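Here the first sequence stands for residues 2 to 485, numbered as in the numbering used here.
Beta carbons are placed, not taken as given, at the ideal position from N, Cα and C, and that holds for glycine.
Bear in mind that the values here come from a model prediction, so they are computed numbers and not experimental data.
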Amino acid sequence: MMPRVRFAPSPTGYLHIGGARTALFNWLYARKNGGVFVLRIEDTDQERSTPESVQAILQGLQWLGIDWDEGPGVGGPFPPYTQMEKIGRYTQVAEMLISEGKAYRDYSTEEELTAARKAFAESKGLKEGDDFRKAGFKYRSPWRDATPTPEQLQTTAVVRFKMPDREGKFGFDDMVQKRIDKPFDDFDDFVLLRKDGIPLYNFSCVVDDHDMEINLVARGAEHVNSTFPQLMLYEALGWSPPAFAHMPLILGPDREKLSKRRHPEADVMLHRANGILPNALLNFIARLGWGHGNDELFSVAQLKELFDFTAVGKTNGVWNPEKLSSINAHWIKTSDPKAIAEAVLPFLHAAGVPEAVVDAKLEKAVMGFRERSKTLVEMAMKVKPYYTRGVTIEGEAAAKHLGLEGKQMLGRIRETLLGVTTWRAADLDPIVKVISEATGAKMGAIAQPLRVAVTGGTVSPGIGDTLELLGREEAMRRIDAALS
RNA sequence: GGCCCUGUCGUCUAGUGGCCUAGGACGGAGCCCUCUCACGGCUCAAACCCGGGUUCGAAUCCCGGCAGGGUCACCA
């Protein structure tokens, strides 16, 4: 059977890391198994959903390189892919359930419900300010088995699912969590449709997954508990449920579920701004919860080949910025330099080098700094001085390497450099050694004054590469400036 | 609090009864390489939550504690 999986974010903000990983695993699974990856927008929370968030999520996925086969922008055989555009469908399904006695209109007011919840909580000894959910309140609406009068039918009501009264437990086999069971008496008559006719998650999710012929629902483990009412809904509707895979959560440094509220690193685009490569982020989040033997580094192509839900663990993972950084460093130094040049370009522009373009010089700069940069931001900062005219020399570096002796040496180097005909690293590198042999000076006593003169500091790639990158004209200009 | 899930170095993990003197990676310490900084190479420190069973033998199976997380809405 061809897998049909989906990622169904609710557009209440940027794409967050947990969502990105859910999308990634679904996408990898579809790509590996020749399946279809569906993107669905769950915007039934009218309070918090915004069109800007939809765009932010789409852009986040695009940046990561996660493409969808059906959904916003691309369409598909089961439209619409945005829940608010198919309200009529949910109403229709709800009506069907009501007519079959599997759901009912509840005319209780919100105030009555709140009061009942509060009274129950207080009877359990909870006080004002406590979390009333702890009381284990289950609402038994007086309308559960009542027949509404014609007048009532004219007024609005929520629609509740009539949870069957049964003994014992029921459960399901999860591809990640294995068997999970729960006692029946744990469940409540949950709300299908709000008073305004807009469906709630547990309902719209089931209707859509069915309508879109989703056969594997892979989502975060925070949803395992909602799987039970959803399963009851499938049964009541006579629909066959999909398979499930509930992935472990990603935790913040404080060990709590990574949330937009408390954890800035939850924002996918923050990592882009920080100079993280998309494939590095993908590599990192894939390893949070999923593993393949002792391997750590995976290209997207390898991920597509190796990923499997059976290798996803059950333990939550803590966000580890150092590991991300190290994985990013790996992909910076091993990716095609031209691709890195393209990636670093916007950062270079932002750093104040608007004239930079992807050319031979930038690629050379990338080669010079790719082993020295953990992020694109860092690389841009390091590359920038090679694009300016002249350079400011750090006081400490000058004091250490451009004293009387240093300047004398620099003068000698200058004379030698004047005779160089081809300004290439291969020709420039040996000069340090030649002078060392001629004068008896240590290589460091030669390279460092030169390095400080042309870069302004004590740190740079090999001296030959540094000079070549600068170009003859600029290098000589800086040497002259240091000498004067 | 009820219910559900989890518990191997600080972190991510390998490990599915003997291959474990518990392996890898990040981070940490040190050494080597070296014109600087990096990269790279090598070495070291660092873990089976606790207690009972089962077994000739347990990180691996069972039970009980403890700890952590999730969830209990007219949010998703």
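In terms of alpha-carbon separation, which member of PHE121, ALA366, MET233 and LEU418 lies closest to PHE185?
It is MET233 whose Cα lies nearest to the Cα of PHE185.
Contact between the region 31 to 42 and the region 276 to 295 is defined here as three or more beta-carbon pairs at a separation below 8 Å; is this criterion met?
Touching, no, given that fewer than three Cβ pairs across the two stretches are closer than 8 Å.
What's the C-alpha gap between MET426 and LYS365?
Before going further, note that residue 426 is Ala rather than Met in the sequence given. For ALA426 and LYS365, the distance between alpha carbons rounds to 11 Å.
Quick one: measure Cβ to Cβ for ALA219 and PHE79, integer angstroms, because I've assumed they're closer than 8 Å.
Wrong, their Cβ atoms sit about 18 Å apart, outside the cutoff.
Whose C-alpha, out of THR376, VAL354, SER227 and GLY239, is nearest the C-alpha of ARG390?
Ranking the options by Cα distance to ARG390, first place goes to VAL354.
Around the Cβ of LEU411, are there at least 16 other Cβ atoms within 10 angstroms (buried) or fewer (exposed)?
It counts as buried.
Can you tell me the Cα-Cα spacing of VAL269 and GLY61, whole angstroms?
The alpha-carbon atoms of VAL269 and GLY61 are separated by roughly 7 Å.
Are THR393 and ASN329 closer than 8 Å when you measure CB to CB?
Contact flag unset, no.
Return the CA-CA distance between ASP210 and ASN275, expressed in angstroms with no decimal places.
Computed Cα separation, rounded: 36 Å.
Considering only the beta carbon of each residue, do ARG161 and LEU193 sit closer than 8 Å?
Their beta carbons are under 8 Å apart, which means ARG161 touches LEU193 by this criterion.
On the DSSP bridge list, what partners appear for GLY126?
DSSP lists no partner for GLY126.
Once you ignore the five residues that flank PHE299 on each side, which residues in its own chain have a CB closer than 6 Å to its CB?
Only ASN284 meet the Cβ criterion.
Which residues bound the alpha helix (DSSP H) around PHE26?
It spans 18 to 33 - the alpha helix (DSSP H) in which PHE26 sits, taken as one unbroken run.
With DSSP collapsed to three states, give me the class of LEU217.
In the structure shown, LEU217 sits in a strand (DSSP, three-state: E or B).
Name the two residues that bound the continuous alpha helix (DSSP H) containing ILE333.
Its alpha helix (DSSP H) spans residues 322 to 335.
Take the Cβ of GLU71 as the centre, count every other Cβ of all protein chains shown within 10 Å, and call the residue buried at 16 or more, exposed below.
When all chains shown are included, GLU71 counts as buried.
Relative to the C-alpha of ARG41, which candidate in TRP69, ALA244, ASP187 and TYR30 has its C-alpha closest?
Closest by alpha carbon: TRP69.
By Cβ distance below 7 Å, which residues in the same chain neighbour ILE199 in space, the five residues on each side in sequence not counted?
Same-chain partners within the cutoff: THR45, GLN47 and ILE88.
Does DSSP classify ILE58 as helix, strand or coil?
ILE58 falls in the helix class under three-state DSSP.
Where are the alpha helix (DSSP H) runs, 4 residues long or more, that stay fully inside the region 151 to 235, in chain order?
For the region 151 to 235, whole alpha helix (DSSP H) runs of length 4 or above, ordered along the chain, are 151 to 155 and 202 to 212.
Can you list, in chain order, the residues of its chain whose CB lies under 8 Å from that of HIS272, leaving out five sequence neighbours each side?
Around HIS272: GLU266, LEU282 and LEU325.
State the Cα-Cα distance for the pair LEU304 and ALA244, rounded to the nearest angstrom.
Using only the alpha carbons, I get a separation of about 22 Å.
Just the Cα atoms here: how many angstroms apart are GLY20 and SER142?
Approximately 36 Å between the Cα atoms of the pair.
In this structure, what does DSSP give as the bridge partners for TYR105?
Answer by DSSP bridge pairing, in chain order: ARG161.
Between the region 171 to 178 and the region 237 to 257, do three or more beta carbon pairs fall short of 8 Å?
Yes, the region 171 to 178 touches the region 237 to 257.
Whose C-beta lies closer than 8 Å to the C-beta of PRO386 among residues of the same chain, with five residues either side of it excluded?
Excluding sequence neighbours, PRO386 sits near VAL392, THR456 and GLY457.
Using 8 Å as the threshold, is the C-beta distance between PRO462 and LEU403 below it?
Result no, Cβ atoms of PRO462 and LEU403 do not sit closer than 8 Å.
Given this structure, state the Cα-to-Cα distance separating SER109 from VAL319, to the nearest angstrom.
Their backbone Cα atoms lie some 43 Å apart in a straight line.
DSSP three-state call for LEU252: helix, strand or coil?
Residue state, collapsed to three classes: strand.
Within its chain, find whatever has a CB closer than 8 Å to the CB of GLU356; leave out the 5 residues flanking it on each side and keep chain order.
TYR388, listed in sequence order.
Using 8 Å as the cut-off, can you tell me whether the region 86 to 104 makes contact with the region 3 to 21, which would need three or more C-beta pairs spanning the two stretches below that distance?
Because the criterion of three Cβ pairs below 8 Å is not met, the region 86 to 104 and the region 3 to 21 do not touch.
Are the region 417 to 437 and the region 467 to 475 in contact at 8 Å, needing three or more beta carbon pairs?
Result yes; three or more Cβ-Cβ pairs closer than 8 Å.
Taking only runs that begin and end inside the region 339 to 384, name each unbroken alpha helix (DSSP H) of 4 or more residues, in chain order.
DSSP runs (the alpha helix (DSSP H)) wholly in the region 339 to 384: 361 to 370 and 377 to 384.
Just tell me which of HIS264, LEU201, ILE181 and LYS401 has its CA closest to the CA of ASN226.
Here the closest residue by C-alpha is ILE181.
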